[in-house]
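Asker: Position 107, counted from 1, in the sequence shown is what the working numbering calls 113; the numbers after and before it change by one each time, with no gaps. Sharing a structure, written as structure tokens. Questions coming.
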Amino acid sequence: MADNRPIGVFDSGLGGLTVLKELEKVLPKESFVYFGDTGRVPYGSRSNETIISYARQDENFLLSKGVKYIVAACGTVSAVAADTAKDLPVPFMGVVENSVKAAVAATKNNRIGVIGTSATINNGAHKRKILELLPTATVTTADCPLFVPLVEEGFSAEDDIVVLEVARRYLAPMVEAGVDTLILGCTHYPILLGAIKKIMGQGVTLINMGNSTALAVKEELKALNMISEEESATKEFYVSDITAGFAKVSEILLGEKICDVNLVDINKYEGSSNRD
Ligand code: DGL
7 MADNRPIGVF
17 DSGLGGLTVL
27 KELEKVLPKE
37 SFVYFGDTGR
47 VPYGSRSNET
57 IISYARQDEN
67 FLLSKGVKYI
77 VAACGTVSAV
87 AADTAKDLPV
97 PFMGVVENSV
107 KAAVAATKNN
117 RIGVIGTSAT
127 INNGAHKRKI
137 LELLPTATVT
147 TADCPLFVPL
157 VEEGFSAEDD
167 IVVLEVARRY
177 LAPMVEAGVD
187 TLILGCTHYP
197 ILLGAIKKIM
207 GQGVTLINMG
217 NSTALAVKEE
227 LKALNMISEE
237 ESATKEFYVS
247 DITAGFAKVS
257 EILLGEKICD
267 VNLVDINKYE
277 GSSNRD
């Protein structure tokens with residue numbers, strides 16, 4: 007039986023639109039409700055306690071929209087706050103697990119790199135999971151805090167000297183360690199793919215967490231008999247602040263203009279009342 011209810015996708019802001027883009031590619035008949043916490047972004051420099059309480063509110067909001075499944079598109083939430091999903095009444099997927107599986111499958115020399123926000127890298131979730139699956143792996147990690155604002159300012163061209171210089175500095179430990187596989191552990195990094203490829207070299211496999219997660223969501227929906235058969239799937243966008251840069255940044259990240267966006271008072275979604 008088909009399940010045409012929407013899939014809920016959330017992120018600390020608009021970065022999760024890169025994950026939504028991948029989900030739409032592999033699940034064309036699904037409807038989506040996207041929530042971006044634009045009023046409280048970034049999460050990547052906040053404490054674990056704050057990230058966990060924000061993630062719970064974001065999930066509660068999506069539940070109030072009647073979603074059948076929740077995807078935490080945010081690398082930081084997936085690394086730090088995946089436990090908030092334990093009492094959800096719907097299936098949940100973060101972006102860490104499947105990017106790790108894809109990296110472990112791709113590496114030939116067992117040297118894997120992970121880049122993400124400071125909170126993601128300090129948490130170490132990727133490294134722990136890589137070592138569970140591949141105990142002989144050498145894992146090199148680095149936080150790249152300037153990548154997010156660069157992308158949001160529209161600095162992303164692969165020949166942009168500012169981007170290339172920042173990438174060269176951040177990625178130096180990866181090049182030095184000889185990683186053959188690099189997990190792009192943050193929503194914004196796929197936009198910098200060209201520049202990252204230039205620094206890392208063609209021989210290094212770059213793992214796009216949106217793509218690996220979208221394929222896993224599809225598999226799980228199939229297994230649960232929850233795939234939609236909707237011919238006219240819809241997309242709804244909600245944010246906690248409509249910022250001046252909204253139109254520009256959302257177009258950079260999604261690759262299309264968002265014409266209709268709704269404002270949410272996210273603080274109203276405290277607690278666990280709708281988790282039964
Ligand atoms: N969406 C965040 C992530 O993927 C990046 C932006 C932030 O720091 O909130 O980790």
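Think of the CB as a built atom: it goes at the ideal place given N, C-alpha and C, for glycine as much as any other residue.
What are the complete beta strand (DSSP E) segments, minimum 3 residues, inside the region 140-217?
Answerer: Runs of the beta strand (DSSP E) inside the region 140-217: 144-149, 187-190, 211-214.
Asker: Buried or exposed for residue 104, going by 16 or more other Cβ atoms inside 10 Å?
Answerer: For the purposes of this step, residue 104 is taken as the residue at position 98 of the sequence shown. So residue 104 ends up on the buried side.
Asker: Going by DSSP, what residues sit across from residue 99 in a beta bridge?
Answerer: Taking the first residue of the sequence shown as position 1, residue 99 is located at position 93. DSSP, once it has assigned bridges, lists 77 as partnering residue 99.
Asker: Got a sec? Which residues, its chain only, sit under 6 Å from residue 154 by beta carbon, not counting five neighbours each side?
Answerer: Here the question's residue 154 lines up with position 148 in the sequence shown. Excluding positions up to five away in sequence, the list reads 194.
Asker: Take every Cβ of the region 252-266, pair it with every Cβ of the region 64-79, and state whether three or more of those distances are shorter than 8 Å.
Answerer: Cβ pair count under 8 Å is below three, so no.
Asker: Whether or not the region 106-113 and the region 135-154 are in contact is what I'm after, with contact meaning three or more pairs of Cβ atoms, one per stretch, closer than 8 Å; do they touch?
Answerer: These segments touch.
Asker: Secondary structure at residue 104, three-state DSSP: helix, strand or coil?
Answerer: Here residue 104 is taken as the residue at index 98 of the sequence shown, counted from 1. Residue 104 falls in the helix class under three-state DSSP.
Asker: Please classify residue 159 as buried or exposed, where buried requires at least 16 neighbouring CB atoms within 10 angstroms.
Answerer: Within the sequence shown, residue 159 is the residue found at index 153, counting from 1. Under this definition residue 159 is an exposed residue.
Asker: Relative to the alpha-carbon of residue 192, which residue among 72, 117, 83 has its alpha-carbon at the smallest distance?
Answerer: By 1-based counting over the sequence shown, the position of residue 192 is 186. When each option's Cα is compared against that of residue 192, the closest is 83.
Asker: Should residue 49 be listed as close to ligand 1, given that the test is whether its C-beta is under 7 Å from any heavy atom?
Answerer: Residue numbering aside, residue 49 sits at position 43 when the sequence shown is read from its first letter. Checking every heavy atom of ligand 1 against the Cβ of residue 49, one is found closer than 7 Å.
Asker: Given a cut-off of 8 Å on the beta-carbon distance, is the pair residue 44 and residue 19 in contact?
Answerer: Counting from 1 along the sequence shown, the entry for residue 44 is found at position 38. Counting from 1 along the sequence shown, the entry for residue 19 is found at position 13. Cβ atoms of residue 44 and residue 19: closer than 8 Å.
Asker: Report yes or no: do three or more beta-carbon pairs, one from the region 30-47 and one from the region 84-101, lie closer than 8 Å?
Answerer: The region 30-47 is not in contact with the region 84-101.
Asker: In three-state DSSP terms, what is residue 133?
Answerer: Position 127 of the sequence shown holds residue 133. Of the three classes helix, strand and coil, the one that applies to residue 133 here is helix, per DSSP.
Asker: Hey, residue 8 and residue 234 are a contact pair by Cβ (cut 8 Å); roughly how many whole angstroms apart?
Answerer: Counting from one through the sequence shown, the residue named residue 8 turns up at place 2. Counting from one through the sequence shown, the residue named residue 234 turns up at place 228. Going by Cβ atoms, the distance from residue 8 to residue 234 rounds to 6 Å, so yes, they are a contact pair.
Asker: Within 7 Å: the Cβ of residue 17 and any heavy atom of ligand 1?
Answerer: Start at 1 with the first residue of the sequence shown, and residue 17 comes out as number 11. Yes.
Asker: Which term fits residue 238, buried or exposed, when burial requires 16 or more other beta carbons within 10 angstroms of its beta carbon?
Answerer: Mapped onto the sequence shown, residue 238 falls at position 232. Exposed: under 16 other Cβ atoms inside 10 Å.
Asker: Is there at least one non-hydrogen atom of ligand 1 closer than 7 Å to the beta-carbon of residue 82?
Answerer: As a first step, residue 82 must be located in the sequence shown, where it is residue number 76. Correct: residue 82 has its Cβ closer than 7 Å to ligand 1.
Asker: Whose CA, out of 276, 274, 261, lies closest to the CA of residue 26?
Answerer: As a working mapping, residue 26 is identified with position 20 in the sequence shown. That would be 261, whose Cα lies nearest to the Cα of residue 26.
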